[in-house]
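Note sheet for the following structure.
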Amino acid sequence: TYLNVGVDFDTGVDDDPFAAAGSLLQAVTGFASGRVEAELNWYSQERGYPLSYLTGNRLVWELKRDVERAHEGTLSGLDLDRKFHEVYLHAGNMPVSFLRRVFAERGMI
């Protein structure tokens, strides 16, 4: 296996890491072949931006899990999602560390 990320996929290739990366991306996202190729080209050319996006995505999911834990037994499902996104969107565009402070100030975490 090229990279074990917990997703079963067949690379269909022997030792080509680029083809394996494309197979993994397609298995995870369901992107069409053209989109997979475009994404991999973008990742190759703009190494910092996709990594920053991935880091931010991970931090936001961590924040959401913290909100879920803080409201366990009182808010869940769509109600929790709506409240999370309401606070998130009303806060505006800012680093996730500042967004976390907004959630703390509103008693969400």
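First residue of the sequence shown? That's 11 in the working numbering, and the numbers climb one at a time after it.
For every residue, glycine included, the Cβ atom is placed at its ideal position computed from N, Cα and C.
Since this is a predicted model, take the numbers as computed values, not measurements.
Residue of the options minimising C-alpha distance to residue i
i          : options         : result
residue 44 : 94, 32, 105, 73 : 32
residue 93 : 77, 49, 60      : 77
Cutoff 7 Å; reference residue i; Cβ partners in own chain excluding five residues on either side
i           : result
residue 74  : 94
residue 113 : 73, 77, 97, 119
residue 89  : none
residue 39  : none
Contacts around residue i, its chain only, beta-carbon distance under 8 Å, and the 5 residues preceding and following it disregarded
i          : result
residue 48 : none
residue 52 : 60
Which complete alpha helix (DSSP H) runs does the region 25-63 hold, if anything under 4 residues is left out?
27-39, 43-55
Let me know the alpha helix (DSSP H) ranges lying completely inside the region 55-116, each 4 residues or longer, listed in chain order.
58-80, 87-101, 106-115
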